[in-house]
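So the structure is just underneath, and the comments pick up after that.
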Amino acid sequence: MNLEPNNTMTPAAQTEDRDAIVFQESLTIFQEAPGILKANKLSVSNAKAYAQRLLDEYTAGGNQWSAELDDKAKNFLIKVGTTVKSMYEKRSPFTQLATALSKQFTSLEAELDVAAKTPNVFNQIQGLRNGWAKWLIEEAERKRVEAEKLAAIEKERAQLTGWILQKIGELLTDYLFKKKQAWTNNFNSIILEGFEQSAMNLRNAPVAFDRSKLGAILRYEMPYYPLTEEQRNTTRIKAHDDYDFGAWIARHDQEMEELKQSLIDRLPAKKQELEEAAARERERLAEAERQRIAEEKRQEEDRIAREAEQARQAEIAKANAEEKKRLEEEARIAREAEQARQAEAERQRQEEKARLQQLEQERQRQEQERLQQEKEAADRIQQEKEAADRKSREAAELATSAMTAKTLFDQAASASMFESAPDARQGYEIIVTNPAGWVEIFQFWYQRKGVKMAVDKMGSVKLDSMKTFAEAATKDTPKQKGERIDSKFLRYDLDVRAINKKDKKEGE
């Protein structure tokens, strides 16, 4: 059966001629098919019957093969081969026809096959779709990396901004705290001498904050952040611009006015306290002076008493017995009187000592009360400072969180604005740039798969199959993350193939 057209004809005419020949020949062949099939069936049936007779003869002979049987079998099998050849020759037109018919269909299908290796308009369009999807994916990845880089910078800027805002708050709070401390210490150090001048100074003291002092207060060194010097400076400037210095100045003036008024209100009590302390001190000094004079008087009286006693003893020594007795009696009376005087003097000393101790205890009590009041005032100022520091820290953390959230939102918004790629299968194609790369591919394949294979099967695995395995290994799975071969001899190129399927709504 000759299905080849005349080579002198045009391609279109050859195709039409070939199609005409195929269909003309098919009609003739299909008309002969029933007779050929019937004859083949009869040949098979006769062959089976003769084969069974040979086997029966072999069995009847006690399962003994003989030269006669062997000769019959040989001739029979030769005829079987001839019959098979004859059947093949009769069947050949059908297979040629089937092949020709199949080729007609497959050649048409091949012309529409977008996966065909031979270039055509369809796989050209598919290639354009693949390229478009790849560009969109690569562009989206570039945008994502760029957005992540910008987000990382903005995150660092947000953290630095938070640190600066907190630092500003701490410096301003510390300034106000020290100023309150200084005013309170000045008030506590007021003395009675010059009290009116100190009181006038307090009443006339200004409470309004001088904004020109901000530069001197806000001096600090910024910590390290992975930002450029320009980014650090612009972040600092913006943080200072955004800080509500007006609110802090208003709070400063209000708190200082409240402190000033509270100190002014305490001036009368302060003056009374100083006057009472001065009175107590004068009383203590007067009492000490009185006791000193009394002590000198007692010492003088003791001296006179001792000298009188010595004189009496000398006079007694010179007197006769009767006179001596009289003198001794006088001496006894004088000694008793002296003892009584000394006892009274000791009692007075103890009373004076107790009075001095009472005065000292009262002084110490007043001093303790004063110190306690000063400590309570200092603690109150310290608590106000800690509360202000905590508020500054919370405000800085809130600002940092807000900036971070905005950065993440902007990053997500930037990603959503970019055109999404069509449905596509993504993978990587490994490009071997040096023969040494094949060695690394083999090692990668062997360590993960080849080591588990039988030796006789391992030899049949081609290098291209190993490369395909390495390419598939780049994909993430639920069980493990994708892997790549870290090599300077291999390059991973993104391989994107757009999927041609209807959208859900379109297909419904």
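Quick note, the sequence shown lines up with residues 0 to 507 if you use numbering that gives the first Met the number 0.
We treat Cβ as the ideally placed atom computed from N, Cα and C, and that holds for glycine.
Range covered by the alpha helix (DSSP H) that runs through residue i
i	result
Val-438	435 to 447
Leu-111	66 to 111
Val-144	120 to 187
Val-454	454 to 457
Ile-292	266 to 317
Leu-213	213 to 216
Glu-470	462 to 471
Lys-116	Counting along the chain, Lys-116 falls outside any alpha helix (DSSP H), and DSSP gives it neither H nor E.
Asn-62	Run containing Asn-62: none; DSSP gives neither H nor E here.
Leu-201	194 to 203
Arg-235	228 to 241
Beta-carbon proximity of residue i to residue j, cut-off 8 Å
i	j	result
Tyr-224	Gln-158	yes
Ile-236	Val-495	no
Trp-182	Leu-258	yes
Thr-227	Arg-156	no
Ile-545	Gln-253	Coverage of the chain is limited to positions 0 through 507, which leaves residue 545 absent and any answer about it impossible.
Glu-470	Ile-498	no
Tyr-491	Thr-473	yes
Ala-198	Leu-266	yes
Leu-217	Leu-170	yes
Glu-300	Leu-358	no
Ala-435	Phe-468	no
Ile-167	Arg-210	no
Ala-109	Asn-122	no
Phe-186	Leu-273	no
Ala-278	Thr-160	no
Leu-53	Lys-71	yes
Gln-290	Glu-351	yes
CA-to-CA distance, residue j to residue i, given in whole angstroms
i	j	result
Lys-480	Ala-394	41 Å
Asn-1	Glu-88	Unreliable positioning characterises Asn-1 in this predicted model, as indicated by a pLDDT of 48, which lies under 50. The coordinate reading is nonetheless provided below. Roughly 14 Å between the two C-alpha positions.
Tyr-427	Asp-388	55 Å
Ala-11	Phe-29	Only weak support is given to the placement of Ala-11: the predicted model assigns it a pLDDT of 49, under 50, and the question is left unresolved by the model.
Leu-493	Arg-483	13 Å
Ala-333	Lys-269	56 Å
Arg-362	Glu-308	44 Å
Gly-506	Gln-95	Its pLDDT being 47, under 50, Gly-506 is placed unreliably in this model, and the coordinates cannot settle the point.
Arg-297	Ala-336	14 Å
Ile-152	Val-144	12 Å
Asn-433	Val-450	25 Å
Leu-370	Phe-176	19 Å
Glu-138	Lys-466	27 Å
Gly-61	Asp-55	10 Å
Lys-133	Val-438	29 Å
Ala-146	Leu-107	49 Å
Pro-4	Lys-102	Its pLDDT being 49, under 50, Pro-4 is placed unreliably by the model, and the measurement read from it follows with that caveat. For Pro-4 and Lys-102, the distance between alpha carbons rounds to 15 Å.
Met-86	Phe-441	51 Å
Glu-295	Ala-276	28 Å
Val-120	Lys-461	33 Å
Trp-64	Val-79	20 Å
Glu-373	Gln-349	35 Å
Thr-117	Gly-458	32 Å
Ala-97	Gly-34	19 Å
Arg-424	Lys-478	20 Å
Leu-100	Leu-36	20 Å
Glu-140	Ser-400	27 Å
Phe-93	Met-452	45 Å
Lys-212	Gln-360	47 Å
Glu-67	Arg-90	34 Å
Glu-385	Ser-391	10 Å
Ser-464	Arg-447	14 Å
Ala-376	Met-221	34 Å
Pro-421	Lys-500	10 Å
Host beta strand (DSSP E) of residue i (start-end)
i	result
Arg-490	489 to 497
Bridge-paired residues (DSSP) for residue i
i	result
Arg-424	Arg-496
Val-431	Leu-489
**the segment 191 to 202 / the segment 242 to 253 touching (three or more Cβ pairs under 8 Å)** = no
**Asked** Three or more C-beta pairs closer than 8 Å, one from the segment 197 to 210 and one from the segment 113 to 129: is that the case here?
**Response** no
**Cβ pair count under 8 Å reaching 3, the segment 357 to 369 against the segment 325 to 335** = no
**Item:** Stretch-stretch touch, CB-based, cutoff 8 Å, three pairs: the segment 72 to 83 with the segment 37 to 52
**Value:** yes
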